[in-house]
Amino acid sequence: MNKTSQVDQIMAVMETAFDPQWGEAWNRRQVEDALVLPNTFAILNTGDSKNEIATGFLITRHAPGEEELLLIAVDPKYRRQGTAQKMLSQLTIDARARGASRIFLEMRENNPAKILYLGVGFEPIGRRKAYYLLSDGNRMDAITYGLSI
Ligand SMILES: CC(C)(COP(=O)(O)OP(=O)(O)OC[C@H]1O[C@@H](n2cnc3c(N)ncnc32)[C@H](O)[C@@H]1OP(=O)(O)O)[C@@H](O)C(=O)NCCC(=O)NCCS
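Next up, the structure:
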């Protein structure tokens with residue numbers, strides 16, 4: 022898949038998946054700029070094999086010995102069907118192949134994605150106080166999670 026259609030698919034999911042109150046969605050420019058970097062990768066889940074429409078994506082960045090999950094999202098119409106779990110399994114395989122032994126991620130404290138992360142074995146390893154600035158001006162802690170792979 023070329024980069025344009027990959028970005029199109031990511032943006033289609035991005036537009037449906039994020040609640041604007043948290044200000045977490047990336048814009049097209051941010052996605053494009055990330056994916057031209059040689060250490061940054063996307064995994065797409067294509068649910069409809071005929072049209073190759075992505076139902077979910079993740080974006081990940083490799084550094085020596087580790088991987089950072091930057092963003093994961095699933096179209097609300099396709100949630101709770103194991104799509105995120107499947108993409109995280111693929112991430113584990115890809116990250117190992119790149120030589121990573123740990124995956125890290127950072128999450129806003131009240132995100133229900135916590136249940137997903139704990140379910141696949143991530144453990145909370147740190148807290149960054151008032152790390153996120155919300156669209157209403159309030160701040161929220163970030164929790165850092167780590168997974169040994
Ligand atoms: C978080 C997100 C990616 C999960 O995608 P998903 O495909 O629905 O997740 P899965 O179906 O793989 O979930 C696997 C398990 O994780 C847990 N889980 C996932 N989403 C959950 C939720 N909203 N509330 C409670 N548990 C949840 C459940 O245990 C679930 O298993 P079950 O459905 O059998 O109970 C999706 O809700 C999303 O796009 N959210 C908005 C974007 C976001 O906040 N991303 C994370 C921070 S970047």
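Residue numbering for the sequence shown is 22 to 170, as defined by our numbering.
No residue lacks a Cβ here, since even glycine has one placed at the ideal position from N, Cα and C.
ILE136 has its Cβ nearer than 6 Å to a heavy atom of ligand 1. Apart from sequence neighbours up to five positions away, the residues of its chain that approach THR67 with a beta-carbon distance below 6 Å are GLU73 and ALA75, ordered along the chain. The bridge partners DSSP lists for ILE170 come to none. Residue pairing of ALA94 in beta bridges, as defined by DSSP: PHE78. Under DSSP, TYR153 takes part in a beta bridge, and its partners are MET161. With a threshold of 6 Å, the Cβ atom of GLN51 does not count as near ligand 1, since no heavy atom of the ligand is closer than that.
About 6 Å separates the Cβ atoms of ARG123 and GLY167, confirming a contact at the 8 Å cut-off. Residue burial annotation: ASP157 is exposed, with fewer than 16 other C-beta atoms found within 10 angstroms of its C-beta.
Annotation for LEU109: VAL141 place their beta carbon closer than 6 Å to its own, counting only its chain and skipping 5 residues before and after.
Membership of GLU45 in any beta strand (DSSP E) is not indicated, and neither H nor E is assigned to it by DSSP. Placement of the Cβ of THR76 at a distance of 6 Å or more from every heavy atom of ligand 1 is found.
Where ARG117 is concerned, there is no enclosing beta strand (DSSP E), although the alpha helix (DSSP H) around it starts and stops at 104-118. DSSP, read as helix, strand or coil, puts GLY147 in strand.
Looking from the CA of PHE78, the closest CA among GLY86, ILE31 and ILE114 belongs to ILE31. With respect to VAL34, ALA94 sits close: the two C-beta atoms are nearer than 7 Å.
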